[in-house]
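In my numbering, the protein residues as written are 1 to 118.
Reading through the structure tokens given below for one structure.
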């Protein structure tokens, strides 16, 4: 499994300025700011997304993965205090699909107002 770094994500975002089109700008900035201190969670998100893809899913819910990760962190005494906010999920979904071509199209993307991109 590839362990991604924040530097890789930052470079990806710089090379793809339209990656977050349609998302709330403030929440996107908050999500990007959240990432450097939580790369272990991002990498676990990637692992779970790949598991869904390898299980044969063509579409899967980024929020389902996120809620599963939240559950794991809440029952673990060492990570119970981590706050896994929902605002990062749309950003993580876009970054995940752009970082790993195997995940392309796995998540249905929504912009402001709930309209879908695919």
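Positions of the beta carbon are idealized from the N, C-alpha and C atoms, including for glycine.
Here the structure is a predicted model, which is why all the values come from computation and not from measurement.
- Per DSSP, reduced to three states, the secondary structure at residue 110 is strand.
- Residue state for residue 69 is assigned as helix, using DSSP reduced to three classes.
- The C-beta of residue 48 has 16 or more other C-beta atoms within 10 Å across all chains shown, which makes the residue buried.
- Classified as exposed, residue 17 has fewer than 16 neighbouring CB atoms from the shown chains inside 10 Å of its CB.
- Taken through DSSP and simplified to helix, strand or coil, residue 89 comes out as helix.
- The residue among 61, 87, 75 with its C-alpha nearest the C-alpha of residue 29 is 87.
- Looking from the CA of residue 92, the closest CA among 15, 2, 44, 55 belongs to 44.
- Burial of residue 4 is indicated by the presence of at least 16 other C-beta atoms within 10 angstroms of its C-beta.
- Boundaries of the alpha helix (DSSP H) harbouring residue 39: 39–54, taken from the DSSP string.
- Spatial neighbours of residue 35 in its own chain (CB-CB distance under 7 angstroms, excluding positions within 5 residues in sequence) are listed in chain order as 6, 9, 42.
- Ranked by Cα distance from residue 11, the first of 84, 32, 25 is 32.
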